[in-house]
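Visitor: Below you will find the structure I want to go over with you.
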Amino acid sequence: MSPVLTDLGIALGRVGFVMLFVLNMGGLLTWVERKQSAVMQDRIGANRASIFGLRLFGLFHPLADAIKMLTKEDFIPARADRALFNLAPLVSVVFALVAFAAIPFGDVLRVGEREIPLQAVTLNAGILYVFAMLSLGVYGVMMAGWASANNYALLGGQRAAALMISAEVAIGASIMGVAMVYGSLDMMTIVRGQGAALLPQYLGTWIPRWGILTQPLAFVLFLTAGIAATKRIPFDFPEGESEIIGYFVEYSGMKFGMFMMADFVETVVIAGMTTALFLGGWQVPHLAADGFHFPWGASVPLSHMTVVILQVLAFCLKVSIMCWFLMLVRWTLPRFRYDQAMRLGWLGLFPLSILNIVLTGLLILGWPA
Amino acid sequence: MNHLVFFAVAVVAVVSALGLVLRRNPIHGALFLVVNLGCVAVLYLLLGAEFLALAQVIIYAGAIMVLFVFAIMVLIPGKEETGPDPLRSQRLLALPLGALLLFEIGLILSSSVFVAAPPSRAPAGPAAAGGIQSVGRLLLGDYLFPFEVTSVLLLAALVGVLALAKRKAG
Chain A
1 MSPVLTDLGI ALGRVGFVML FVLNMGGLLT WVERKQSAVM QDRIGANRAS IFGLRLFGLF
61 HPLADAIKML TKEDFIPARA DRALFNLAPL VSVVFALVAF AAIPFGDVLR VGEREIPLQA
121 VTLNAGILYV FAMLSLGVYG VMMAGWASAN NYALLGGQRA AALMISAEVA IGASIMGVAM
181 VYGSLDMMTI VRGQGAALLP QYLGTWIPRW GILTQPLAFV LFLTAGIAAT KRIPFDFPEG
241 ESEIIGYFVE YSGMKFGMFM MADFVETVVI AGMTTALFLG GWQVPHLAAD GFHFPWGASV
301 PLSHMTVVIL QVLAFCLKVS IMCWFLMLVR WTLPRFRYDQ AMRLGWLGLF PLSILNIVLT
361 GLLILGWPA
Chain D
370 MNHLVFFAVA VVAVVSALGL VLRRNPIHGA LFLVVNLGCV AVLYLLLGAE FLALAQVIIY
430 AGAIMVLFVF AIMVLIPGKE ETGPDPLRSQ RLLALPLGAL LLFEIGLILS SSVFVAAPPS
490 RAPAGPAAAG GIQSVGRLLL GDYLFPFEVT SVLLLAALVG VLALAKRKAG
């Protein structure tokens, strides 16, 4: 096989893995949403969809949902701006999907002479890329609100835009602290930096230098702003399907489904970002490139392939745990009112993340090297 | 490959720029401008200026234009501006001024781009031009003073706007 074709195959594989991972997680989350809420509220939850009597804990419900949405009437209001109305769900979902591309899901995989970084695209400023894609998602909801020719939708779109802008400012400011600690905007470098030991002169090599320990304040701020950016409860006042209705009232069928999917995919992206920046990404504690090295002296040598597989599995596990946690928050808290969320964003999260940057800078300058 | 991407993006950029000028609907115009800014970001990317491209997307497309679209949505919900053009008298001036601008652009291009060996001012090396390291070094090293002065200027503008808005409301 010619090297060009091999390169192309590798590139397709990297992108394909991330694409399938995000899409499957997003689809699976619709099931998790139902089942987890059911468990939390002492119900059984969706379990009726079956194939030949096989129910599988309701796992076929996402499939049934997809068929339902695809076969529903696709209604466009008479006075709507048709082009923008059709474009809006696409914009929402596309920018959510491509955002995951810069998040590394494993270390470098070596096959023969080749070194393949396990990341869809390698970027010098990977954090900024994810951030840019998340911030472009606003256009989807604004276009939807405006193009529907419905005043409730327009107001919903404006609420959504105001919320997402305030959330993104806080996200951008809180990740700066992480970039300062690990000295890079490249997510691969940041994840590698988290493999070292925390305070080796006092604690030995017991505790890894994960972002959640070096930047605890940024972790809380990022997670809060991240939940706000996904527009889900407790920040769901842009939508509020049942009472205040939001930017996608006029949408039906699969276009409505795409807005739903964008929210779920954004949840996966926020979970992936949190994992990569604060939970050590693909790092397994005490696992180096040649196997486990435990602080009490024992070591287990492992082959390169085993290490890589363990790391990718660790990343998937951490993302799943974060998704579970985001669901937990979503089914626990009541909805914020619009002014409460705005006050939290601009007077709470944003000043605190600026404070975090200043404190981090002082600590880095004052820390004995 | 790079040439192919360049021509494709250049066509989209020109079409979206025309769309911005020719569409009467202000929301459509603003969205065309977003597309245009995105195309410019891709052009930066083709030149290897990764940081510049991402900054372009975050600041222009992701922040400034969102504010534009937001303001247009609040002020003109759905109605196109169909009344007579209030700036009709300026159309006479537009033609000579436009011609002057074109002439200037032509002059600049002919003196720098189309000469045999263009003067290279970009620093050579792996982190050349648009890399985040070199941008940071230039911004907080060589150009620290202008950089700080600009930030003071922006802060003054911010405070000024707030003061003016407060007075009108009170």
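Heads up: the sequence lines are chains A and D, in that order. Just so you know, the first sequence maps onto residues 1 to 369 in the working numbering. Just so you know, the second sequence maps onto residues 370 to 539 in the working numbering. We treat Cβ as the ideally placed atom computed from N, Cα and C, and that holds for glycine.
#1: At 4 residues or longer, and completely inside the region 40 to 73 of chain A: list those alpha helix (DSSP H) runs for me, N to C.
#2: What does a CB cutoff of less than 7 Å around A:MET142 pick up in its chain, not counting 5 residues either side in sequence?
#3: Determine contact between the region 303 to 316 of chain A and the region 205 to 212 of chain A, defined as no fewer than three beta-carbon pairs at a distance below 8 Å.
#4: By Cβ distance, which residues of its chain are closer than 6 Å to A:ALA196, with the 5 residues on each side in sequence left out?
#5: In the DSSP assignment, find the unbroken beta strand (DSSP E) run with D:HIS372 in it and report its ends.
#6: How is the beta strand (DSSP E) around A:GLU416 delimited, first residue to last?
#7: Considering just the uninterrupted stretch of the beta strand (DSSP E) at A:PHE292, what are its terminal residues?
#8: Do the CB positions of A:TRP146 and D:ILE427 come within less than 8 Å of each other?
#9: For A:ALA196, which three-state DSSP category applies?
#10: Could you have a look at A:ALA229 and say whether DSSP puts it in helix, strand or coil?
#11: Are A:GLU250 and A:PRO77 touching if we call contact CB-CB under 8 Å?
#12: Assign A:SER2 to one of two classes, buried (16 or more other C-beta atoms within 10 Å of its C-beta) or exposed (fewer than that).
#13: Leaving out five residues before and five after A:MET40 in sequence, what residues of the same chain have Cβ atoms less than 7 Å from its Cβ?
#14: Thinking just about the alpha-carbon of each residue, which of A:MET188, A:GLY183, A:THR267 is nearest to the one in A:PHE95?
#15: If you measure beta-carbon to beta-carbon, which residues of the region 209 to 233 of chain A are closer than 9 Å to chain D?
#16: Since A:LEU326 and A:ILE244 should fall inside the 8 Å C-beta cutoff, what is the C-beta to C-beta distance between them, to a whole number of angstroms?
#17: Can you pull the chain A residues whose beta carbon is under 9 Å from the beta carbon of D:MET442, in chain order?
#18: Please tell me whether D:LEU423 and A:LEU128 are closer than 8 Å, where the distance is taken between their beta carbons.
#19: Could you tell me which uninterrupted alpha helix (DSSP H) segments, each at least 4 residues in length, are contained entirely in the region 394 to 452 of chain D, listed from first to last along the chain?
#20: Smallest Cα separation from A:VAL138: which of D:ILE433, D:ASP511, D:VAL381?
#21: Who are the neighbours of A:ASN86 on chain D, taking C-beta pairs under 7 Å?
#22: With A:ARG110 as the anchor, note down where its beta strand (DSSP E) starts and where it stops.
#23: Could you pull the start and end residues of the alpha helix (DSSP H) that A:PHE212 belongs to?
#24: Where does D:ASN371 land, buried or exposed, given buried means 16+ other C-beta within 10 angstroms?
#25: Run through DSSP, which three-state label would A:ASN300 get?
#26: Do the region 85 to 94 of chain A and the region 104 to 116 of chain A meet, that is, are 3 or more Cβ pairs less than 8 Å apart?
#27: In three-state terms, what does DSSP make of A:GLU239?
#28: Please tell me whether D:PHE439 has its Cβ less than 8 Å away from any Cβ of chain A.
#29: Per DSSP, what kind of secondary structure is A:GLU115 in: helix, strand or coil?
#30: Go ahead and pull the three-state DSSP assignment for D:PRO465.
#31: Within 8 Å of any Cβ in chain A, is that where the Cβ of D:VAL435 sits?
Guide: The structure says:
#1: Taken in chain order, the complete alpha helix (DSSP H) segments of 4 or more residues contained in the region 40 to 73 of chain A are 61 to 71.
#2: The residue labelled residue 142 of chain A in the question sits at position 142 within the first sequence. GLY157, ALA161.
#3: Of all C-beta pairs linking the region 303 to 316 of chain A to the region 205 to 212 of chain A, fewer than three are shorter than 8 Å, placing the two stretches out of contact.
#4: As a position in the first sequence, residue 196 of chain A is number 196, starting the count at 1. Answer for A:ALA196: ARG209, listed in chain order.
#5: Residue numbering aside, residue 372 of chain D sits at position 3 when the second sequence is read from its first letter. D:HIS372: not part of any beta strand (DSSP E); member of the alpha helix (DSSP H) spanning 371 to 391, first to last residue.
#6: Not covered by the structure: residue 416 of chain A. The range shown for chain A is 1 to 369.
#7: Position 292 of the first sequence holds residue 292 of chain A. 291 to 293 is the extent of the beta strand (DSSP E) around A:PHE292.
#8: As a position in the first sequence, residue 146 of chain A is number 146, starting the count at 1. As a position in the second sequence, residue 427 of chain D is number 58, starting the count at 1. Annotated as distal: A:TRP146 and D:ILE427, with beta-carbon spacing of 8 Å or more.
#9: Position 196 of the first sequence, counted from the first residue, corresponds to residue 196 of chain A. DSSP places A:ALA196 outside both helix and strand once states are collapsed to three, so it counts as coil.
#10: As a working note, residue 229 of chain A is residue 229 in the first sequence. DSSP, reduced to helix, strand and coil, places A:ALA229 within a helical segment of the structure shown.
#11: For the purposes of this step, residue 250 of chain A is taken as residue 250 along the first sequence, with counting starting at 1. For the purposes of this step, residue 77 of chain A is taken as residue 77 along the first sequence, with counting starting at 1. Yes; because the gap between Cβ atoms is below 8 Å, this pair is in contact.
#12: If you number the first sequence from 1, residue 2 of chain A lands on position 2. Exposed, because fewer than 16 other Cβ atoms sit within 10 Å of the Cβ of A:SER2.
#13: Stepping through the first sequence from its first residue, residue 40 of chain A is reached at position 40. For A:MET40, where only same-chain residues beyond five positions count, the Cβ hits under 7 Å are TRP331.
#14: As a working mapping, residue 95 of chain A is identified with position 95 in the first sequence. A:PHE95 has its Cα closest to that of A:THR267, out of A:MET188, A:GLY183, A:THR267.
#15: Of all residues in the region 209 to 233 of chain A, none places a beta-carbon less than 9 Å from a beta-carbon of chain D.
#16: By one-based count along the first sequence, residue 326 of chain A stands at place 326. By one-based count along the first sequence, residue 244 of chain A stands at place 244. A:ILE244 and A:LEU326 do not touch by the CB rule: their CB atoms are close to 23 Å apart, not below 8 Å.
#17: Reading the second sequence from its first residue, position 73 is the one you call residue 442 of chain D. Listed by position along chain A, the residues whose Cβ is nearer than 9 Å to that of D:MET442 are MET142, GLY145, TRP146, LEU154, GLY157, GLN158, ALA161.
#18: Position 54 of the second sequence, counting from 1, holds the residue named residue 423 of chain D. Position 128 of the first sequence, counting from 1, holds the residue named residue 128 of chain A. Cβ distance < 8 Å, so D:LEU423 and A:LEU128 count as in contact.
#19: DSSP runs (the alpha helix (DSSP H)) wholly in the region 394 to 452 of chain D: 395 to 415, 419 to 424, 434 to 444.
#20: Locating residue 138 of chain A in the first sequence gives position 138, where the first residue counts as 1. Nearest C-alpha to A:VAL138: D:ILE433.
#21: Sequence index remark: in the first sequence, residue 86 of chain A carries index 86 (1-based). Contacts between A:ASN86 and chain D, judged by CB atoms closer than 7 Å, are missing: the closest CB pair is about 13 Å apart.
#22: For the purposes of this step, residue 110 of chain A is taken as the residue at position 110 of the first sequence. A:ARG110 -> beta strand (DSSP E) spans 108 to 111.
#23: The residue you call residue 212 of chain A lines up with position 212 of the first sequence. At residue 212 of chain A the sequence reads Ile, which differs from the Phe that was named. First-last of the alpha helix (DSSP H) with A:ILE212: 211 to 214.
#24: Locating residue 371 of chain D in the second sequence gives position 2, where the first residue counts as 1. Only exposed fits D:ASN371, as fewer than 16 other CB atoms lie within 10 angstroms of its CB.
#25: Numbered from its first residue, the first sequence carries residue 300 of chain A at position 300. The residue you asked about is not Asn; residue 300 of chain A is Val in the sequence shown. Residue state, collapsed to three classes: strand.
#26: No, the region 85 to 94 of chain A is not in contact with the region 104 to 116 of chain A.
#27: The residue labelled residue 239 of chain A in the question sits at position 239 within the first sequence. Per DSSP, reduced to three states, the secondary structure at A:GLU239 is coil, with no helix or strand assignment.
#28: Here residue 439 of chain D corresponds to residue number 70 of the second sequence, with the count starting at 1. With 8 Å as the cut-off, D:PHE439 counts as an interface residue toward chain A.
#29: Numbered from its first residue, the first sequence carries residue 115 of chain A at position 115. Correct three-state label for A:GLU115: strand.
#30: For the purposes of this step, residue 465 of chain D is identified with residue 96 of the second sequence, where counting begins at 1. Collapsing the DSSP output to three states places D:PRO465 in a helix.
#31: Residue numbering aside, residue 435 of chain D sits at position 66 when the second sequence is read from its first letter. Taking Cβ atoms only, chain A reaches closer than 8 Å to D:VAL435, which makes this a yes.
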